[in-house]
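Scroll down for the structure; my scribbles are underneath it.
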Amino acid sequence: MDTQKEALRRIISTLSNKNEELQNFLESVDNTLTGLQKQLSEGKCALLSCEELLEFANQTLTITNEEEVTMAPAFRLTTRPAASENMSQFTVDFSTERAGLQRLYFLPVPRAPEINVSACVVRDNAITVAWRPASEADCAGDVSSCGPIEHYELEYRKTNGDAALRVAAGACWEKIHDIKEPHVTVSGVKFDSDFIVVRVRARNKTAASEFSDPVTLETRAFNFEFDAATAHAELRVQGDTVTWEPQGVKGHDPRLRAKENKSSATPSPSKTAGSRAGRDRFAGESYTVLGDQEMTDSCHYWQLCPLADWKSFSAGVAYRTSLGRFDQLGKNSGSWCLHASQWLQTSLSVKHNNRAKALDSPLPQRIGIYCDYNNGDLLFIDLDRLRLLHSFKTKFSQPLVPAFTVWCGGITIKTGLQVPSFVGNFLSSSRSASNLSQ
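Residue numbering for the sequence shown follows the working numbering, beginning at 9 and increasing consecutively.
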């Protein structure tokens with residue numbers, strides 16, 4: 009009987025232990041289920057954060073132009089891992105990054121402006137370019153969508169092609185920055201090309217738009233240089249400047265002058281091209297140099313300034329074929345000039361066909377020369393006082409070239425100039441002026 013009781017007690021103790029183990033197991037299963045549910049919830053949040061981060065990243069990666077990257081401020085991505093209680097699982101929390109990305113403000117890039125061709129003007133060696141303002145073109149009527157336009161940038165490029173095509177990358181553009189208004193005037197441009205191409209873009213606080221479609225503007229101007237092959241041996245040509253540099257009296261020897269005349273009259277067939285070119289130079293007391301471009305029609309304009317040490321110079325136009333090597337400007341029927349001197353005494357005069365007319369005017373420091381080949385007008389203008397010094401009225405019958413004489417000192421010329429607007433005022437008043445007869 010005692011043996012049976014002892015066996016029953018052992019069975020009851022065993023069942024009690026199993027019951028406690030089963031309760032512990034069920035409690036562990038319940039805790040595990042709770043942890044899995046928490047991990048599932050955190051995983052969903054992490055996945056949502058990753059999807060939004062990936063969307064923002066994709067938007068940034070699609071920007072190809074570095075000037076269009078407008079996301080700010082920049083940040084460094086950091087992660088914070090969170091482990092489960094039994095260290096069997098851990099998750100990554102992107103909540104801080106998500107909040108930071110949501111606070112970012114993306115400023116759109118402005119649209120390219122549109123140049124108003126009808127409002128563009130090329131006059132007096134200046135270019136005026138106008139375009140549609142930002143409120144109309146850059147943001148399609150909604151300035152707030154891309155932020156206010158802070159300024160515009162203009163670029164221009166000289167070309168001899170008349171097609172308004174996009175210039176290839178690497179081309180040389182002149183740049184003008186910080187333009188506040190939707191128009192700008194570029195002054196003092198040397199028009200040494202047939203056309204000028206212009207383009208413009210807008211900038212807001214952080215980004216620049218694409219450039220507008222380029223527009224080609226025609227520039228009519230007279231370009232020439234000194235023809236060094238014609239320059240007297242004692243004249244030194246350097247770019248747009250010619251100076252008198254005496255080399256002794258050899259060129260003044262009348263015996264040498266007669267010899268050169270004889271040589272020029274009967275050229276030898278054995279002479280080389282180089283020796284023939286030397287005979288194109290002026291000699292003797294004709295310290296003359298010609299321009300390298302002819303005028304056969306239309307209107308032309310250039311300027312002259314004497315250097316500080318000048319003593320005597322002449323400037324005008326001539327038929328190239330009418331000037332012999334020893335001829336001086338204004339002393340034949342094929343040349344017209346203004347002559348200025350401050351050697352021994354001060355004088356200013358005009359010369360043509362070996363006749364001179366003294367002018368009652370102070371010596372100018374800047375002279376404008378205007379030639380209308382078709383109408384036969386030749387004007388000399390004092391640019392400092394903006395007054396007409398003299399006008400010739402004639403009928404040109406041969407190609408003309410600019411012509412200059414320099415003795416003691418030097419002059420500099422400025423070409424690539426358009427005919428100034430004020431010339432028109434002088435043309436009307438010159439009709440009744442007293443001119444030298446042809």
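Note that the Cβ used here is the ideal one computed from N, Cα and C, for glycine as well.
Given the structure is predicted, the values throughout are model-derived calculations rather than measurements.
Check	Outcome
Which of the three DSSP states, helix, strand or coil, is assigned to residue 34?	helix
Is residue 313 helix, strand or coil by DSSP?	strand
Where do the ends of the alpha helix (DSSP H) carrying residue 196 lie?	Per DSSP, residue 196 belongs to no alpha helix (DSSP H) and is neither H nor E.
How far does the beta strand (DSSP E) with residue 405 in it extend, from its first residue to its last?	It is not in any beta strand (DSSP E) - residue 405 carries neither H nor E in the DSSP assignment.
Out of curiosity, what's the CA-to-CA distance linking residue 295 and residue 306?	29 Å
Can you tell me whether residue 375 is buried or exposed? The criterion is at least 16 other CB atoms within 10 Å of its CB, across all chains shown.	buried
Less than 6 Å between C-beta atoms, sequence neighbours within five positions excluded: which residues of the same chain meet that for residue 317?	417
Should residue 62 go down as buried or exposed, given a rule of 16 or more other Cβ atoms within 10 Å for buried?	exposed
Would the beta-carbon of residue 345 fall within 7 Å of that of residue 359?	yes
So what's residue 161 in DSSP terms, helix, strand or just coil?	strand
Can you list, in chain order, the residues of its chain with a C-beta nearer than 7 Å to that of residue 192? Leave out the 5 residues immediately preceding and following it.	137, 162 and 184
Could you check which residue in 158, 23 and 129 has the C-alpha nearest to that of residue 117?	158
Rounded to the nearest angstrom, what separates residue 55 and residue 36 at their Cα positions?	28 Å
Give the DSSP-derived three-state secondary structure of residue 211 in the structure shown.	strand
By a C-beta neighbour count over all protein chains shown, 10 Å radius and 16 as the cutoff for buried, is residue 217 buried or exposed?	buried
How long is the line joining the alpha carbons of residue 40 and residue 11, rounded to whole angstroms?	44 Å
Using the three-state DSSP reduction, which class does residue 394 fall into: helix, strand or coil?	coil
Are residue 187 and residue 160 closer than 7 Å when you measure CB to CB?	yes
With a Cβ-Cβ cutoff of 7 Å, do residue 529 and residue 200 count as a contact?	The question about residue 529 has no answer here: the residues shown for the chain are numbered 9 through 446.
Would you identify the three-state DSSP class for residue 67, choosing helix, strand or coil?	helix
Starting from residue 249, follow the beta strand (DSSP E) in both directions and report where the run begins and ends.	249 to 252
Just how far apart, CA to CA, sit residue 237 and residue 222?	40 Å
Quick one: Cα of residue 132 to Cα of residue 205, how far?	17 Å
Whole angstroms are fine: how far does the CA of residue 67 sit from the CA of residue 43?	36 Å
With a threshold of 16 other CB atoms inside 10 Å of the CB of residue 207, please say whether the residue is buried or exposed.	buried
Please classify residue 413 as buried or exposed, where buried requires at least 16 neighbouring CB atoms within 10 angstroms.	buried
Can you give, in chain order, each stretch of the alpha helix (DSSP H) that sits fully within the region 297 to 378 and has at least 4 residues?	none
For the beta strand (DSSP E) that residue 134 lies in, which residues bound it at each end?	134 to 138
Which residues bound the alpha helix (DSSP H) around residue 106?	103 to 110
Enumerate in chain order the residues of its own chain whose CB-to-CB distance from residue 430 is below 6 Å, with the five nearest sequence positions on each side excluded.	none
Quick one: using the 10 Å Cβ neighbour count with 16 as the cut-off for buried, is residue 390 buried or exposed?	buried
Excluding the 5 residues preceding and the 5 following residue 322 in the sequence, name in chain order all residues of the same chain whose CB lies nearer than 6 Å to its CB.	337, 345, 347 and 413
Following the continuous beta strand (DSSP E) through residue 420, name the residue where it begins and the one where it ends.	418 to 422
Roughly how far, in whole angstroms, is the beta-carbon of residue 326 from the beta-carbon of residue 341, given that I think they are within contact range, below 8 Å?	No, residue 326 and residue 341 are not in contact; Cβ-Cβ is about 10 Å, not under 8 Å.
Between residue 386 and residue 422, what straight-line distance do the alpha-carbon atoms span, to the nearest angstrom?	17 Å
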